[in-house]
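Working notes for the structure below.
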Amino acid sequence: MSAMVIFGLIASAALLFAFAMLNLGKWSADSYPYQILNFLGAGFLAASAFAPFNAGVFWTELIWSLIGLYGVIKIYRNRRTSGAVK
1 MSAMVIFGLI
11 ASAALLFAFA
21 MLNLGKWSAD
31 SYPYQILNFL
41 GAGFLAASAF
51 APFNAGVFWT
61 ELIWSLIGLY
71 GVIKIYRNRR
81 TSGAVK
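Here the sequence shown is numbered in full-length UniProt numbering, starting from 1 and rising by one per residue.
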């Protein structure tokens, strides 16, 4: 098994774990762990789509990763703002 295959499997596991935690009610969509695993898992899956190149997987995961990064930034900004108000 190549390093890229292992890389992709770990990334897939991260995404599935985050999705399971969300649906089991353990995490919320506005929690750091959920958004960070989405960002990293999708980013690593996008990277693993290079060997061999799979355009559909690459673009889907790249966009998913960017949405996850947006979620992390949004959580950070909301918590920083609410902390400044208190």
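Where is the CB? At the ideal position from N, CA and C, for every residue including glycine.
As the crow flies, the alpha-carbon of residue 7 is around 26 Å from that of residue 26.
Per DSSP, residue 52 is not a residue of any alpha helix (DSSP H), being assigned neither H nor E.
For residue 24, no alpha helix (DSSP H) segment is defined, and its DSSP state is neither H nor E. For the set 37, 1, 44, the Cα lying nearest the Cα of residue 59 is the one of 44. Rounded to the nearest whole angstrom, the C-alpha separation of residue 46 and residue 75 is 23 Å. Relative to the Cα of residue 57, the nearest Cα in the group 35, 42, 17, 16 belongs to 42.
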